[in-house]
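Student: In the numbering used here, the protein residues as written are 8 to 523. Beta carbons: idealized from backbone N, C-alpha and C, even for Gly. Just so we're clear, the structure is a prediction, and the values are computed from it rather than from any experiment. Here it is: the structure, laid out below.
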């Protein structure tokens, strides 16, 4: 029976797995036993006593270890399942299908990670947006180039540990299994995603890139065929729809086919950027964090006139990236490399939206929120005439003053000084001003001109929900359709999307094995 322990260590003692184990051995005077680290979390609330909390298990057997290989090849039957989208939901759905001997056939509109890089370079250097290959579309989906955070509150929705072990199996560092806020890094994720795809293909699955779903046929409440690049695939057994939160053409297609979809609230605002050294000072209460503490992060939330204003996807040592999926729109996101060693820290700073906010687009039915979102993105684009993004110093924004000069920043396409109140809806501007003022009281300097805001952070989650039965996970009216992941409105991040992909795959497996 393993012995569970908890200890506190100074930052230099908890620098590596080896140093943690050495400290445990000394404190508990043990040798010849296996130590498995279960959780490592930083407590920086007291500037005089910053420490790590470590939870571990001590095993009598020196050979005791965590089994990492959670996915193993299994002989395939003739049964198949189609998956639309190869982001975290689609990838983990495919892995689950293979583990049960069912062949996944994955359809991905974008390119593989190597080809995708060229299109990302074109966005950053030439300001050219490929509508099917960008920061949102392509192998790994938006998750590949959105930091690789693996923290989730969705612990009751599935086996989070299995998701993390899956990443480790295909190349992620094992420490993500015990870090309180695990993070892979955008520089390392592409190789891991590529290894997942190779495993899927080597195990008998199919992955098709540059393959876009453009139509489908419904008969007797089932999808009978799908059209990919104008070519019809006649035999479709079960279909997992995991297209991501930016697949507006899919939402329009569903509506045109009179398949039930719903408008859903989301959040919209800006991405803020500060020097990382300033965030370190605000969070650690010291002039310099030193070599043993990680780049500081933050999580902020405030209620403003019954609306939540909150930070989202905080990226220490990261960059702001162009996340638009079509010309004539401006969208930004953020990511960090694995070492989080950049000069800047950025975070989404967004305002909670309600369906009443979309009243001007009532004629769009369940796509009202999507059209509201698109209109804000278009207005931001028009303010600069290109994907050069509108920006304003935070202090100037609070004081309602246009910024005469912008700070050095990480956004490669470039920035132009624009007053946010000229491009964002008034209620969002008012909520941001009050929220930022409150955050400035919690973190001294947050609301100063050392920080800058860049518009628009609008793809926080899907503006649409595709309704499904809570037990079977099938669409409420289409018997073989499984709305899945962020695009369907059932996830909000890499891990929750992967969990939903696993859940939908297992729901489809149950039906496939019953022959229904």
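When we look at the beta-carbon of residue 460 and count the other beta-carbons within 10 Å, is it buried (16 or more) or exposed?
Tutor: It counts as buried.
Student: Out of 328, 364, 138, 231, which has the shortest C-alpha to C-alpha gap to residue 434?
Tutor: Comparing Cα-Cα distances from residue 434 to each of 328, 364, 138, 231, the minimum goes to 364.
Student: How about residue 384 and residue 338: do their beta carbons lie closer than 9 Å?
Tutor: In this structure, residue 338 lies closer than 9 Å to residue 384 by Cβ.
Student: Going straight from the alpha carbon of residue 366 to that of residue 374, what length do you get?
Tutor: Their Cα atoms are separated by approximately 11 Å.
Student: Quick one: what's residue 87 bridged to in DSSP?
Tutor: Residue 87 is bridged to 110.
Student: What ranges does the beta strand (DSSP E) occupy inside the stretch 250 to 317, keeping only unbroken runs of at least 3 residues that lie completely in it?
Tutor: Segments of the beta strand (DSSP E) lying fully in the stretch 250 to 317: 274 to 282, 308 to 311.
Student: So residue 120 is in the alpha helix (DSSP H); what residue range does that whole segment cover?
Tutor: Unbroken alpha helix (DSSP H) run through residue 120: 120 to 128.
Student: May I have the straight-line CA-CA distance separating residue 484 from residue 498, to the nearest angstrom?
Tutor: Answer to the nearest angstrom: the Cα atoms are 21 Å apart.
Student: Of all the options 53, 109, 82, which has the alpha carbon lying nearest to the alpha carbon of residue 90?
Tutor: Measuring from the Cα of residue 90, the nearest candidate turns out to be 109.
Student: Can you list, in chain order, the residues of its chain whose CB lies under 8 Å from that of residue 230, leaving out five sequence neighbours each side?
Tutor: Hits under 8 Å: 223, 224, 243, 246, 485, 487, 488.
Student: Can residue 299 and residue 321 be called in contact, C-beta distance under 9 Å?
Tutor: Not closer than 9 Å, so no.
Student: Distance, Cα to Cα, residue 494 vs residue 135?
Tutor: The alpha-carbon atoms of residue 494 and residue 135 are separated by roughly 24 Å.
Student: Classify residue 257: buried if its beta carbon has 16 or more other beta carbons within 10 angstroms, exposed otherwise.
Tutor: When all chains shown are included, residue 257 counts as buried.
Student: Going by DSSP, what residues sit across from residue 60 in a beta bridge?
Tutor: According to DSSP, residue 60 bridges with 15, 48.
Student: Please name the residue or residues paired with residue 423 in a DSSP beta bridge.
Tutor: DSSP output for residue 423 lists 397 as bridge partner(s).
Student: I'd like to know if the stretch 110 to 125 and the stretch 79 to 90 are in contact, where contact means that at least 3 CB-CB pairs between them fall below 8 Å.
Tutor: Yes, the stretch 110 to 125 touches the stretch 79 to 90.
Student: DSSP beta-bridge partners for residue 8?
Tutor: Answer is none; residue 8 lacks a bridge partner.
Student: List in chain order: all unbroken beta strand (DSSP E) runs of 3+ residues lying wholly within the stretch 449 to 499.
Tutor: Segments of the beta strand (DSSP E) lying fully in the stretch 449 to 499: 459 to 464, 488 to 490.
Student: Can you check DSSP and say which residues form a bridge with residue 238?
Tutor: DSSP output for residue 238 lists 235 as bridge partner(s).
Student: If we ignore side chains and look at the alpha-carbon of each, how far apart do residue 411 and residue 27 end up?
Tutor: Straight-line Cα distance between these residues: approximately 50 Å.
Student: Three-state secondary structure (DSSP) at residue 169?
Tutor: Helix.
Student: Return the first residue and the last residue of the beta strand (DSSP E) that residue 80 is part of.
Tutor: Taken as a continuous stretch (DSSP letters only), residue 80 belongs to no beta strand (DSSP E), as it is neither H nor E.
Student: Report buried or exposed for residue 276, applying the criterion of at least 16 other Cβ atoms within 10 angstroms of its Cβ.
Tutor: Classification of residue 276: buried, given that the 10 Å Cβ count is 16 or more.
Student: So, at 7 Å on beta carbons, what are the nonlocal neighbours of residue 330 in its own chain, with the 5 sequence-adjacent residues on each side left out?
Tutor: Answer for residue 330: 142, 143, 338, 339, 340, 466, listed in chain order.
Student: For a test of the three-state rule: what should DSSP assign to residue 329, helix, strand or coil?
Tutor: The answer is strand: DSSP assigns residue 329 an E or B state.
Student: Should the stretch 446 to 456 be called in touch with the stretch 184 to 197, which here means at least 3 C-beta pairs below 8 Å?
Tutor: Contact fails: fewer than three Cβ-Cβ distances are below 8 Å.
Student: For residue 119, which option in 140, 13, 101, 128 has the closest C-alpha, if you only look at C-alpha atoms?
Tutor: Closest by alpha carbon: 140.
Student: So the candidates are 203, 372, 127, 428; which of them puts its Cα closest to the Cα of residue 397?
Tutor: Minimum Cα distance to residue 397 is reached at 428.
Student: In three-state DSSP terms, what is residue 41?
Tutor: The answer is strand: DSSP assigns residue 41 an E or B state.
Student: Nearest to residue 267 by alpha carbon, out of 443, 482, 57?
Tutor: With distances taken between Cα atoms, residue 267 lies closest to 482.
Student: Going along the chain, which residues of its own chain have a beta-carbon closer than 7 Å to the beta-carbon of residue 219, five neighbours each way excluded?
Tutor: Cβ within range, chain order: 116, 139, 235, 236.
Student: Using DSSP with H/G/I as helix, E/B as strand and the rest coil, what is residue 526?
Tutor: Since the first residue shown for the chain is 8 and the last is 523, residue 526 is missing from the structure and cannot be characterised.
Student: Mind the definition here: the stretch 34 to 48 touches the stretch 93 to 101 only if three or more C-beta pairs lie below 8 Å; say whether that holds.
Tutor: Output reads no: the stretch 93 to 101 does not touch the stretch 34 to 48.
Student: So which of 325, 209, 101 has the shortest CA-CA distance to residue 352?
Tutor: Selected option, being the one with the closest Cα: 325.
Student: Among all the DSSP beta bridges, which residues are the ones paired with residue 230?
Tutor: Residue 230 pairs with 225.
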